[in-house]
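To get my numbering, take the position in the sequence shown, counting from 1, and add 870. Here the structure is laid out as structure tokens; the discussion comes afterwards.
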Amino acid sequence: MFLLKQSRQACRLRKFLRSSRNLTFLSLLWTTSSVDYSKKGSFANASFLSGNNISNPRVFPRLIENPIQKQRSYYSTTTCAMLSSGNESKVPELWQDGREEALTKCVLPMSEKSHKGSSGRVAIVGGSARYTGAPYYAAMASLQVGADLSYVFCAQEAATAIKCYSPELMVAPVYNAAEFDKQVASDQNSKEAERLVDAMVKEVTSNMANLHVLVVGPGLGRCPLVMRATAKILEEAMKLELGIVMDADALFMLTLESYKNLVTGYPKIVLTPNVMEYKRLVQANGGSEEEFIQKSAKNAIVVKKGRYDTITATASAPVVDIGLKVDDTKPIREIVCKEEGGLKRSGGIGDILAGTLGTFLAWDQILEQRDQQHDAVLASWSACCLVKQATKKAFDSKRRSMTAPDVLKKIGETMQKMERGDNSDD
């Protein structure tokens, strides 16, 4: 604590920490500041703190340059626990680095008291006349990770195919794609168009009360009326405080003027853009990454997929006022998953990640409801680690012939090995 003596803000923070009876509860895992070291920065607890000027080297000298970004940005390894004890917490990059913490805060324990649905109920909103594989991969991945129940809300034209892929999935047709396309060609602003949209919304929302998470986007398609209905479904999901994962065509929806601020400020959401999707999201916000973070992605967790997946929390969830200013335009926490994946970029792997994230986010919801330690950012990182490792195992086995089903088959056994801490390839 001797580092804080000359800082007025730091004195407030120290006083706040001393007044707490439970430093473990208040401690955060990692904090980040993606601003220039020589300028005013930001310090934020992903759970309860945010503020400027804490990146001052006199106050927090232990900064690590971020090798992933070209711009000058840094990780801060400082935690609230460190402020009181002098101990540091390392930002994990590989699963083994963060395994113990992740198992405590991200993986729902199995129990003999469990009942059907208590380990997670995940629903996929996606699947169109053209795309039936994507919702299947997402839904099955959620089950392979450990969710109990997985639903698929899709077009009537996709329902039979998805049902035939697996009897494990509960598939509900919620709209007729041919009717929607016909109405779009005729008049998408007519009363009939509104009736079709409302009917789809009702079919989905009437089944949402018992869900933990919605995964929106895999195979959704880009029909304007489907997107209008999806927007209303998301609004209802946010009212119910469900966890939400947005992927694929749902991310495209956020690039449209009518929807780009649809989920702004909602804290229980994970966006999963690949490189091109992230570029489009930024362009939709005037080409400014800060504008995107401040508006469309405010309060969200963003999983930027690539060779190394980067998980960023873009704003603070409830802030305790201890005299520190909040800067919502800067990422406050960032973790990079450096698990090695496969060299084959098969279609469907992103859908598998979306479903995997769905289960981890469901577990986060359940742990929160039980008043137990939970960490959605670390949970998102854990999901990325799992899919990377499963992809590597599938690629090592199949090489160029690897496809998404090969990865899906490795999810369950990889999850078990990650829980055990088993690094073997057997």
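Cβ atoms here follow ideal geometry from the backbone N, Cα and C, with glycine treated the same way.
Taking buried to mean at least 16 other C-beta atoms within 10 Å of its own C-beta, is residue i buried or exposed?
| i | result |
| --- | --- |
| residue 903 | With a pLDDT of 35 at residue 903, under the threshold of 50, the modelled position of this residue cannot be trusted; read the value that follows with caution. The residue in question, residue 903, is buried, as its Cβ has 16 or more Cβ neighbours within 10 Å. |
| residue 1254 | buried |
| residue 1111 | exposed |
| residue 1286 | exposed |
| residue 1155 | buried |
| residue 980 | exposed |
| residue 1057 | exposed |
| residue 1030 | exposed |
| residue 1091 | buried |
| residue 1292 | exposed |
| residue 1243 | exposed |
| residue 1048 | exposed |
| residue 1210 | exposed |
| residue 1276 | buried |
| residue 1229 | buried |
| residue 968 | buried |
| residue 1147 | buried |
| residue 1055 | exposed |
| residue 1235 | buried |
| residue 872 | At residue 872, the pLDDT of 41 sits below 50, so the modelled position is not reliable and the matter cannot be decided from this model. |
| residue 1174 | buried |
| residue 1288 | buried |
| residue 1290 | exposed |
| residue 1157 | exposed |
| residue 911 | Reliability fails at residue 911, whose pLDDT of 30 lies under 50, so the model's placement of it is uncertain and the value that follows must be treated cautiously. Buried: at least 16 other Cβ atoms inside 10 Å. |
Taking residue i as the reference, which of the options has the closest Cα?
| i | options | result |
| --- | --- | --- |
| residue 1052 | 1166, 1095, 1041 and 1076 | 1095 |
| residue 1247 | 1205, 1226, 1021 and 1039 | 1205 |
| residue 1178 | 988, 1207, 1011 and 986 | 1207 |
| residue 1019 | 1068, 1065, 1078 and 972 | 1078 |
| residue 1226 | 963, 1006, 982 and 969 | 1006 |
| residue 1021 | 1098, 1092 and 1010 | 1010 |
| residue 1046 | 1008, 1152 and 1066 | 1066 |
| residue 1097 | 1109, 1063, 1082 and 1080 | 1063 |
| residue 1093 | 1120, 1076, 1174 and 962 | 1120 |
| residue 1270 | 1214, 964, 1081 and 1282 | 1214 |
| residue 1282 | 1272, 1257 and 1038 | 1257 |
| residue 964 | 1149, 1290, 1259 and 1280 | 1259 |
| residue 1036 | 1082, 1153 and 1002 | 1002 |
| residue 1126 | 1176, 1150 and 1038 | 1150 |
| residue 1109 | 1075, 1131 and 1116 | 1075 |
| residue 1231 | 1105, 1116, 1131 and 966 | 1116 |
| residue 961 | 1176, 983, 1180 and 1050 | 1180 |
| residue 1273 | 1004, 1132, 1122 and 973 | 1004 |
| residue 1239 | 983, 988, 966 and 1284 | 988 |
| residue 1086 | 1131, 1008, 1073 and 1015 | 1008 |
| residue 1237 | 1278, 1023, 1073 and 1082 | 1082 |
| residue 1249 | 1172, 1039 and 1164 | 1172 |
Check this for me: beta carbons of residue i and residue j, under 7 Å apart or not?
| i | j | result |
| --- | --- | --- |
| residue 1060 | residue 1124 | no |
| residue 864 | residue 1233 | Residue 864 lies beyond the residue range present for the chain, which begins at 871 and ends at 1296; the question has no answer from this structure. |
| residue 1084 | residue 1107 | yes |
| residue 1044 | residue 1033 | no |
| residue 1118 | residue 1137 | no |
| residue 1162 | residue 1212 | no |
| residue 1202 | residue 1183 | yes |
| residue 1135 | residue 1169 | yes |
| residue 999 | residue 1027 | yes |
| residue 1114 | residue 1071 | no |
| residue 1280 | residue 1263 | yes |
| residue 990 | residue 1025 | no |
| residue 1101 | residue 1129 | yes |
| residue 975 | residue 1245 | yes |
| residue 1152 | residue 1159 | yes |
Below 6 Å, is the gap between the Cβ of residue i and the nearest heavy atom of the ligand GDP?
| i | result |
| --- | --- |
| residue 1041 | Summarising the ligand content, the structure contains no ligands, and the ligand GDP is consequently not present. |
Report the residue ranges of all beta strand (DSSP E) runs contained in full by the stretch 1093-1159; include only those spanning at least 3 residues, in chain order.
1113-1116 and 1139-1141
Examine the Cβ distances between the stretch 1247-1267 and the stretch 991-1001 and report whether three or more of them are shorter than 8 Å.
no
Contact between the stretch 1209-1219 and the stretch 1136-1143 (3+ Cβ pairs under 8 Å):
no
Any alpha helix (DSSP H) of 4 or more consecutive residues that is wholly inside the stretch 966-1038
1003-1015 and 1026-1035
Let me know the beta strand (DSSP E) ranges lying completely inside the stretch 1200-1241, each 3 residues or longer, listed in chain order.
If we require 3 residues or more, the beta strand (DSSP E) runs fully inside the stretch 1200-1241 come out as 1203-1207.
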